[in-house]
Amino acid sequence: MDGASSSGGGQLRDVLPNLSKSKFYDQAKQLPPPGDPASASTSKSSGPVNYSALLVNPKQKGNPLLKHITNVAWQYEEGIAADYQPTRTAGILFLSMQYHNLNPEYLHERIKGISNMYDLRVLLVQVDFANSEPLLRTLNRICLLAQMTLVLAWSAEQAGKVVETYKMYENKPPDMIMERNADEPYFQMVKALCCVPSVNRADAVTLLSVFGSLEKIAKAPLEKLELCPGFGPAKAERLWRALRKPFLRLGVTQEDALKAAEEEEGDDEEEDLNDYDG
Numbered sequence: 001m002d003g004a005s006s007s008g009g010g011q012l013r014d015v016l017p018n019l020s021k022s023k024f025y026d027q028a029k030q031l032p033p034p035g036d037p038a039s040a041s042t043s044k045s046s047g048p049v050n051y052s053a054l055l056v057n058p059k060q061k062g063n064p065l066l067k068h069i070t071n072v073a074w075q076y077e078e079g080i081a082a083d084y085q086p087t088r089t090a091g092i093l094f095l096s097m098q099y100h101n102l103n104p105e106y107l108h109e110r111i112k113g114i115s116n117m118y119d120l121r122v123l124l125v126q127v128d129f130a131n132s133e134p135l136l137r138t139l140n141r142i143c144l145l146a147q148m149t150l151v152l153a154w155s156a157e158q159a160g161k162v163v164e165t166y167k168m169y170e171n172k173p174p175d176m177i178m179e180r181n182a183d184e185p186y187f188q189m190v191k192a193l194c195c196v197p198s199v200n201r202a203d204a205v206t207l208l209s210v211f212g213s214l215e216k217i218a219k220a221p222l223e224k225l226e227l228c229p230g231f232g233p234a235k236a237e238r239l240w241r242a243l244r245k246p247f248l249r250l251g252v253t254q255e256d257a258l259k260a261a262e263e264e265e266g267d268d269e270e271e272d273l274n275d276y277d278g
């Protein structure tokens, strides 16, 4: 035994001096030390984080909502716990209702992962399940207990616009959603826009924040109106057409205006007949 140990020890002493000259030694020097974050599979991207862009978790690659985020810059960032991070203190988890129905434990694990990381935690749910009411009640209860904000979307396009809006409103002042004096011009513009069918107060505030004035809204092409958060093709077209109709003079009722318009059309038809006879 002693002889074998002595012989083995002698061989080891002979090999050690040459180990630093082998190719394996050079490869070992390039490996990160144990516990180094660079060795983890979920490592952060190199360089500083670009908070001016919407940060997207790489696990969201292939999500159809990404192609509908067109008004803000976004980039993949491995170092975030949420699915989408529009600001430094806000995180959004995306959940398909179909997926939740098949994997109910998934949401609990994701909520645990962001529990102490954001001041504002949003659960964005895409309602793509037929019998959604029972699941929605469960999700609402979960969000109440977890102190999260529940936002619903009925399509990938709506979901993308929700994420986009959180980024667009990052640096907006709080007075946009504060109550205003009814005599202020801003309030009057909001009230005027709300006269258009299906345009609510939130839509009016969005329009004014995007375009800045009623004049620019009226001159905006239909394509730009459709890009506003909360606006689809139908609502945008109704607004676009409404802003191109003649306005009523003060003191003139709608009935009087319609009657005058009918009389004007009758005069035009009579002139056309006279021209034809001539």
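So the sequence shown is numbered by UniProt numbering: it starts at 1 and just counts up by one.
We put the beta carbon where it would ideally sit given N, CA and C, even for glycine.
| query | Excluding sequence positions up to five away, which residues of its chain have a Cβ less than 6 Å from the Cβ of Trp74? | reply | One-based indexing of the sequence shown puts residue 74 at position 74. The answer, listed in chain order, is Ala53, Leu54 and Val56.
| field | Alpha-carbon to alpha-carbon, Arg141 and Met97 | value | Looking up residue 97 in the sequence shown gives position 97. Looking up residue 141 in the sequence shown gives position 141. Going from the Cα of Met97 to the Cα of Arg141 covers about 15 Å.
| When you compare each of Lys235, Lys67, Lys59 and Asn103 to Ala82 by their alpha carbons, which one comes out closest? | Position 82 of the sequence shown, counting from 1, holds the residue named residue 82. When each option's Cα is compared against that of Ala82, the closest is Lys59.
| Excluding sequence positions up to five away, which residues of its chain have a Cβ less than 7 Å from the Cβ of Ala202? | Residue mapping note: residue 202 aligns to position 202 of the sequence shown, counting from 1. Taken in chain order, the residues that qualify are Gly230.
| field | Helix, strand or coil at Pro86 [DSSP, three-state] | value | For the purposes of this step, residue 86 is identified with residue 86 of the sequence shown, where counting begins at 1. Residue state, collapsed to three classes: strand.
| said: Considering only the alpha carbon of each residue, which of Leu208, Gly212 and Leu193 lies closest to Arg241? | reply: By 1-based counting over the sequence shown, the position of residue 241 is 241. Ranking Leu208, Gly212 and Leu193 by Cα distance to Arg241 puts Leu193 first.
| query | If you draw a straight line from the alpha carbon of Gln27 to that of Glu78, how long is it in whole angstroms? | reply | Taking the sequence shown and counting its residues from 1, the one referred to as residue 27 is at position 27. Taking the sequence shown and counting its residues from 1, the one referred to as residue 78 is at position 78. Here Gln27 scores only 40 on pLDDT, less than 50, and its place in the model is too uncertain to base an answer on.
| Spatial distance of Gln147 from Pro86 (CA atoms) | Locating residue 147 in the sequence shown gives position 147, counting from the first residue. Locating residue 86 in the sequence shown gives position 86, counting from the first residue. Going by the C-alpha atoms only, they are around 18 Å apart.
| field | Supposed contact pair Val127 and Leu139 - C-beta distance, whole angstroms, cut 8 Å | value | Within the sequence shown, numbered from 1, the residue matching residue 139 stands at position 139. Within the sequence shown, numbered from 1, the residue matching residue 127 stands at position 127. Contact doesn't hold; Cβ gap of about 10 Å is too wide.
| query | Are Tyr118 and Ala90 closer than 8 Å when you measure CB to CB? | reply | Counted from its first residue, the sequence shown places residue 118 at position 118. Counted from its first residue, the sequence shown places residue 90 at position 90. Yes, Cβ-Cβ distance for Tyr118 and Ala90 is below 8 Å.
| query | Thinking C-alpha only, which one of Glu226, Val49 and Leu102 is nearest residue 281? | reply | Residue 281 falls outside the range modelled here, since the chain spans only 1 to 278, and no answer is possible.
| According to DSSP, is Phe231 helix, strand or coil? | If you number the sequence shown from 1, residue 231 lands on position 231. Three-state result, Phe231: coil.
| task | Check Trp240 in the structure and name its three-state DSSP category. | result | Residue mapping note: residue 240 aligns to position 240 of the sequence shown, counting from 1. Trp240: helix per DSSP, three-state reduction.
| Runs of alpha helix (DSSP H) wholly within the region 75-125 (minimum 4 residues, chain order) | 97-102 and 105-114
| task | Would you tell me roughly how many angstroms separate the C-alpha atoms of Glu109 and Lys219, rounded to the nearest one? | result | As a first step, residue 109 must be located in the sequence shown, where it is residue number 109. As a first step, residue 219 must be located in the sequence shown, where it is residue number 219. Taking the straight line joining both Cα atoms gives about 48 Å.
| query | Just the Cα atoms here: how many angstroms apart are Tyr76 and Leu120? | reply | What you label residue 76 is simply residue 76 of the sequence shown in a count that begins at 1. What you label residue 120 is simply residue 120 of the sequence shown in a count that begins at 1. Looking at the two C-alpha atoms, the distance is approximately 20 Å.
| query | Closest to Arg244 by CA distance: which of Leu227, Thr206, Val196 and Gly212 is it? | reply | Taking the sequence shown and counting its residues from 1, one reaches residue 244 at position 244. Closest option to Arg244, Cα to Cα, is Val196.
| When Asn171, Leu123 and Pro233 are compared against Leu145, the one with the closest alpha-carbon | Within the sequence shown, the letter at position 145 stands for residue 145. Selected option, being the one with the closest Cα: Leu123.
| task | Tell me whether the beta-carbon of Val205 lies closer than 8 Å to the beta-carbon of Leu239. | result | Position 205 of the sequence shown, counted from the first residue, corresponds to residue 205. Position 239 of the sequence shown, counted from the first residue, corresponds to residue 239. No, they are not a contact pair.
| query | If you count every other CB in all the chains shown that lies within 10 Å of the CB of Tyr51, and 16 or more means buried, which is it? | reply | On the sequence shown, residue 51 is found 51 positions in, with the first residue counted as 1. Looking at its Cβ environment, which holds fewer than 16 other Cβ atoms inside 10 Å, Tyr51 is exposed.
| message | For Ala236, count the other beta carbons within 10 Å of its own beta carbon; 16 or more makes it buried, fewer makes it exposed. Which is it? | response | If you number the sequence shown from 1, residue 236 lands on position 236. The residue is buried, with at least 16 neighbouring Cβ atoms inside 10 Å.
| According to DSSP, residues forming a beta bridge with Leu152 | Sequence index remark: in the sequence shown, residue 152 carries index 152 (1-based). BP columns for Leu152 point to Val125.
| field | Cβ distance (whole Å) where His100 is taken to contact Leu93 below 8 Å | value | By one-based count along the sequence shown, residue 100 stands at place 100. By one-based count along the sequence shown, residue 93 stands at place 93. In fact, because the Cβ distance is near 11 Å, the residues do not count as touching under 8 Å.
| Rounded C-alpha distance that separates Gly212 from Leu136 | The residue given as residue 212 occupies position 212 in the sequence shown. The residue given as residue 136 occupies position 136 in the sequence shown. Straight-line Cα distance between these residues: approximately 37 Å.
| How many angstroms separate the CA atom of Tyr186 from the CA atom of Cys228? | Here residue 186 corresponds to residue number 186 of the sequence shown, with the count starting at 1. Here residue 228 corresponds to residue number 228 of the sequence shown, with the count starting at 1. When rounded, the distance between both Cα atoms is 19 Å.
| Does the distance from the C-beta atom of Met189 to that of Val72 stay below 8 Å? | As a working mapping, residue 189 is identified with position 189 in the sequence shown. As a working mapping, residue 72 is identified with position 72 in the sequence shown. In this structure, Val72 does not lie closer than 8 Å to Met189 by Cβ.
| field | Three-state class that DSSP yields for Val210 in the structure shown | value | As a working mapping, residue 210 is identified with position 210 in the sequence shown. The answer is helix: DSSP assigns Val210 an H, G or I state.
| field | Cα-Cα separation between Thr42 and Pro246, rounded to whole angstroms | value | As a first step, residue 42 is located in the sequence shown; it is residue number 42 there, counting from the start. As a first step, residue 246 is located in the sequence shown; it is residue number 246 there, counting from the start. Reliability fails at Thr42, whose pLDDT of 33 lies under 50, so the model's placement of it is uncertain and the value that follows must be treated cautiously. Cα-Cα distance, rounded: 59 Å.
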